[in-house]
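In what follows, a single structure is set out as structure tokens and then discussed.
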Amino acid sequence: IFNIIILFILIEKNSYTQNIIKLKDYFNDSDKTQGIVLDEEEMSIYNNGKIQNLNITNQDSELVSNGIKSDKNIENLDNNGVILGGIEVIEFANKVTNSGNGIILENLETGSLNNNGYINGTFLANSLTKISGNNGNGINIIGNDTGQKEMGAKIIGSKLNKIENEGVISGKTESINGKSGLYNSGNGINASPKDLLGGNYYFKSEIGSLKNFGRVIGEAFIENQSSRNIGNGITAFGNYESKVDEIINQGVVRGSVFSNSKIENSGNGVHLSSFGHSFGGDFITSKIENTGVIEGKVDTTGLNFESGNGIIVDGRGIQTNIEALKNGGVISGYISKIGDGKSGNGVYSGYNIKNIFNEGVIKGSNIAINFRGKLNEIANNGILIGESIFSKAPENEVNNGLYININQSGEIVSIKSDSTIAYDDKGREITNLLKDLDGYILAGPEYKNKILNGAGVSTGTLTLANKQSTIVENSIINAYKTAITLNDNTNLKILDSLVNGGGIKNEDPIIQILGDESKIDIMGNTLLNGKITVDGNRNTVYIDNDVKVNGDILSTGQLNTLKLGNSDSNEELKIYDKIENFDEIKTNGKVTFYSTAKVNATTDIDIEHGTLLVRLDGSKRDEKGRVIGHALYDHTGAIILGEKENIGDHLPDGENHPDIKAGAKLFFKASGLRNGTVIAMNETDVTDLKDSEMGTYSIAHTARKFIPGKDDIWLIDSGVNTYAMRSTETIDVIIDTLNLDDIINTPEDDRKPDNKGEEKPDNPPDNEVEDREDLGDIWDSIVNGGEEGYLAPTLDYEDGRGILEAKKELVSILDQIYANNPYAFIGEASKESLRLYQDNIFATKMPKKDEWITEAHGVYRYEKFGKNEQNNRFGKEIQKNSYSSNISTYGMLGTAEYGILEDTSLGIAIGGNNQKLKMSKETKGDGNSGYIGVYVKRNIDKFRLTTGVGYQYNEYNVDRVLINEYQYFKNNGKLSTNSMGAYLEGRYFIKSENDIFIEPKLRLNYMMISQDKVKENYNPLAIDVDKKNYQSTDILVGIDFSKKKYLKDGLLEFRGEISYIKTFDSDRDYLTGRIKNSTDFRIKGPEITENRIRIMIGMDYERLNGIFYNLYTGVGLADNDRVDTNIKIGIGYRF
């Protein structure tokens, strides 16, 4: 009981805790285990790590356990990692809504959403007593208040301008024994109201462009509970006018549902509908283009409505329509028990369809194309399949293909064709194959620019008889079931073609190898819309990098070989689904196994050339905490690099090793996995791989073999780079974060994926980075603070970026933190401000006894620091990081001085100024100061002594910016300085014969500045800086010149000065900083200006009535190319 109570406390805490992000640009490469909330308008987010929020709840919940949540408009959301939301409901919870989604957007508009990773939402529940919904979707878009109203009710809207998916987006829900309904759950992409029917408001969905090249999957398992809008691939469901501009699919969009209860709007591939508006809810779909698979499937024994369709567009308004549907792939709908006529269709429209062009396969267990209004025009060059082909006759119909009627069990009843040979508008020949209730052709040598349509029941539409060789190019092979069959000793090449089929449930193979010793090469921009099965023995299947595989690749025979990829291609072959039971698997070029893929085979995987990238789902772990969410976990066998036939049983002595490198490597996409994460390899043996032959697509991370007894979950050993003999127990893989030296010294060509297998030189790198130790400390602070993930776009080189380029951009960021840091210049800015006040005090007039002189000076100083250059060498390339900075000071100084004796006066000075610090890379600071001081002047014969003290207080607001080619970071900080200054000057007056006064002078100036600590606002790469004290002593030796001219109404005096200043700050000032809550590093200050020459000229005019004016300007020249300019305008009064 105690343990259960503790569990519930932890559940409650975890369910409601998320990281709040208040940034314009947010980058993540780390492991966010409690999800994130985007709390800034027009954000851009890039995720290369893992963002997850997986919880168990025992209470009613709303908007919890979502991977990413935002109610703010988003400019751009890019995912190349893993985003997971999930919630499991246990006892005591009655209702859960808007929870367990991968991404939930409660906003008005999202600019673009791009996914090349894995986005998943999961919802598991038992015995909910209240209606629940919007749970367990991959992406859940629930909108926000538009500010508009209709008939007194507000309008909630959501707009997604563009979504492009090359990865996996999936939603899953399982709910049993619910007392009330479940809605809007378990969809891949869901745009729907947060309540069942919108409550007391209207909801409209707007999607601009939706392009899918990967997988969008929705699935639901429901028992004893009615449901609505669940288990769809893509769904936009509302009760007001809605629209989708275009859907373009080359991958797989699938919705599937198992239910024994009533369902509505569920289990569809694409579901777009709008209901509830009193005068009509239109849903307008402008364009759908499919060359992949769009599939809806429902197994049910209960009532069903609008479910199990490939595509359904419905609405109450008369404008509801599909304007243009073009299909070259597979669109299929299946339902085990047909309810209303809106279920189990290939395509369904609640009103009109303007145009359909089909050259693939559209099939429904009920009706192929079902519409309530009109189908204005259809041109069929492929196959339409269903119990009925149309719900009613189209207005204009051209059938150059096949109509296949089936019964409820999926058996063919009839096949119809208007002609056996026809031609499309491109001149391609269309051949329709009819043979009783079947249809196929024995292949000839060549099929170019053709469409073949056949039932493919007993054998494939295109069947290769024994010893037949055939080429298929720029063609479409369509079948109800199997499109292509290969028998013994056949050879088939498919190039730039489409292959469609699969049967009514898409369970039949589209390509089937029945014979032995056959070979199939699938190349170019070919799309395989279904699974491949190899039932014979000693066969070879080759798939090129440009091919899109939308199905499993399965072997049931013996000694069959699967070859994936081509070493001469720069494209990426992506595998999302199962590979089973091949006896030999070889990869070439760049091949990627997504985390949804499964290699279930007992054989070695031979990476002959190029890289095999294994994407990881870090949320799937075993009892030891090891990652098991990857394609190789169910695989049994070794990973071998190089051509297997050239590798013998050699001892690791270096004498007779074959050259097995050939640029081949095993890579892991370690999205968000922390330093020391262990990847469970299970029965996949990596024993014979060198650590250098494994890696990640990041210059900062690598993968190596786990060393039992030395490695724990936090890395303590860097591994060995030697061959190990094969052992009986497989070795796991561990993720390392490299130190800066290792990053810089890694050979640029050694870790770069080489798809062509070219040998790389084995020369050590010749890289030199200035201040490497200090930059290394900064990198360590970033890593120890867990913030290297924010540098993901810099560190990653997966998208064609070179390693050298990534290194230079990382060093650039580190160097800016070190050498272009505004906090290192604040002390210098305070010094210059204090000097400016003191210089102007020395220029004031001295009153006689019992006389007052008040002066007000407007002062300006512009200080330009010399460029700070950091030169780094990477091989033959030189990286120059050049930083410049300047300080502008605008202020006022007022003095009041009284003659207390004939030769002595006492003065007080009060001033204030504003300073602007401008540095390279948009870094800047803005400060204000206040000054108060007292001073004394004393004349002794021809000498004048001036001495005084002053106090200055400064406050600064700082924007610290980091910029490289790929990223922009901006952090804000506030700090203050307290300064004390003391000074003493002696001056001697010499009068020449022509009334020119010469005044040699010697000045001693001491300044002490205390700079407070800095704590920047918490943003990526925010730093804290320790308190710093500065001391500075100046000695000035100079001569002033003056010439007086008496005028009728006053005295005009011309003045000039030339001085030499020596500053005794012998060492550069360094500050100590750190990434928040991390380790220390040094910050480089400006170079100390030890020597400078100052030249000033000006004039002073004093009227007889005691009012005087003055104007001075000057320039300072110093070492280190430092230059300053001064201007002073003053007015005073003697009384």
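Here full-length UniProt numbering is used: the sequence shown runs in plain steps of one and ends on residue 1135. The beta carbon of each residue, even a glycine, is placed where N, CA and C say it ideally should be. All values reported here derive from a predicted model rather than from experimental measurement.
Quick one: Cα of residue i to Cα of residue j, how far?
{"i": "S99", "j": "A700", "result": "35 angstroms"}
{"i": "E510", "j": "G460", "result": "This sequence places Ile at residue 510; Glu is not what is there. Rounded to whole angstroms, I510 to G460 spans 8 angstroms at the Cα level."}
{"i": "N381", "j": "I331", "result": "14 angstroms"}
{"i": "E851", "j": "K1013", "result": "45 angstroms"}
{"i": "G1116", "j": "E863", "result": "9 angstroms"}
{"i": "S619", "j": "Y118", "result": "11 angstroms"}
{"i": "N1019", "j": "E150", "result": "42 angstroms"}
{"i": "G346", "j": "T684", "result": "42 angstroms"}
{"i": "G503", "j": "D245", "result": "30 angstroms"}
{"i": "L464", "j": "E377", "result": "36 angstroms"}
{"i": "K467", "j": "N588", "result": "28 angstroms"}
{"i": "D732", "j": "K598", "result": "18 angstroms"}
{"i": "N656", "j": "N48", "result": "Low local confidence applies: a pLDDT of 35 at N656 is under 50, so the model's placement there is unreliable, with the coordinate-based value given in what follows. Computed Cα separation, rounded: 41 angstroms."}
{"i": "G894", "j": "Q879", "result": "49 angstroms"}
Output needed for residue i: all residues of its chain with C-beta closer than 6 angstroms, excluding positions within five of it in sequence on either side, in chain order.
{"i": "Y1133", "result": "T854, G1106, I1107"}
{"i": "V541", "result": "I520, L562"}
{"i": "R944", "result": "R987"}
{"i": "F1135", "result": "W852, G1106"}
{"i": "N537", "result": "D516, G557, Q558, L559"}
Going by beta-carbon coordinates alone, are residue i and residue j separated by less than 8 angstroms?
{"i": "R215", "j": "T687", "result": "no"}
{"i": "residue 1201", "j": "K669", "result": "This structure cannot settle anything about residue 1201, because the visible part of the chain is limited to 1 through 1135."}
{"i": "G401", "j": "N355", "result": "no"}
{"i": "G171", "j": "G218", "result": "yes"}
{"i": "L77", "j": "I45", "result": "yes"}
{"i": "Y351", "j": "G373", "result": "yes"}
{"i": "K211", "j": "I248", "result": "yes"}
{"i": "T300", "j": "N260", "result": "yes"}
{"i": "G1062", "j": "E1053", "result": "Note that residue 1062 is Lys in the sequence shown here, rather than Gly. Cβ atoms of K1062 and E1053: not closer than 8 angstroms."}
{"i": "K1028", "j": "L1071", "result": "yes"}
{"i": "G524", "j": "D544", "result": "yes"}
For the beta strand (DSSP E) containing residue i, name the first residue and the last one.
{"i": "N745", "result": "Element bounds for N745: not the beta strand (DSSP E) but the alpha helix (DSSP H), 740-745."}
{"i": "T794", "result": "Per DSSP, T794 belongs to no beta strand (DSSP E); it is in the alpha helix (DSSP H), 792-795."}
{"i": "S388", "result": "388-390"}
{"i": "K1128", "result": "1123-1134"}
{"i": "D1080", "result": "1080-1084"}
{"i": "E289", "result": "283-290"}
{"i": "G267", "result": "Here G267 belongs to no beta strand (DSSP E), and DSSP marks it neither H nor E."}
{"i": "residue 1215", "result": "The requested residue 1215 is not part of the displayed model; the chain covers only 1 to 1135."}
{"i": "L108", "result": "That residue, L108, is in no beta strand (DSSP E); it is neither H nor E in DSSP."}
{"i": "L514", "result": "From DSSP, L514 is part of no beta strand (DSSP E); its letter is neither H nor E."}
Residue i by DSSP, collapsed to three states: which one?
{"i": "R835", "result": "helix"}
{"i": "residue 1159", "result": "Summary: the structure shown does not reach residue 1159, with the chain confined to residues 1 through 1135, and so no result is reported for it."}
{"i": "I998", "result": "strand"}
{"i": "T722", "result": "Low confidence applies to T722: its pLDDT is 27, below 50, so where it sits in the model is not reliable, and the reading given next is rough at best. Coil, per DSSP."}
{"i": "K194", "result": "coil"}
{"i": "I963", "result": "strand"}
{"i": "S419", "result": "coil"}
{"i": "Y183", "result": "strand"}
{"i": "S569", "result": "coil"}
{"i": "N19", "result": "strand"}
{"i": "I504", "result": "coil"}
{"i": "Y988", "result": "strand"}
{"i": "A1022", "result": "coil"}
Taking residue i as part of the alpha helix (DSSP H), name the residues at either end of that continuous run.
{"i": "residue 1139", "result": "The chain is shown only over 1 to 1135; residue 1139 falls outside these bounds and no answer can be derived."}
{"i": "L775", "result": "772-784"}
Using C-beta distances below 8 angstroms, list every residue in its chain close to residue i, excluding the 5 sequence neighbours before and after it, in chain order.
{"i": "D777", "result": "T1079, D1080, F1081, R1082"}
{"i": "G912", "result": "G891, M892, N928, S929, G930, Y931"}
Once the 5 residues before and after residue i are set aside, which same chain residues still bring their CB inside 7 angstroms of it?
{"i": "K448", "result": "E473, N474, S475"}
What do you reckon, is the C-beta of residue i under 7 angstroms from a heavy atom of the ligand GDP?
{"i": "W779", "result": "Looking at this structure, you won't find the ligand GDP or any other ligand, since it has none at all."}
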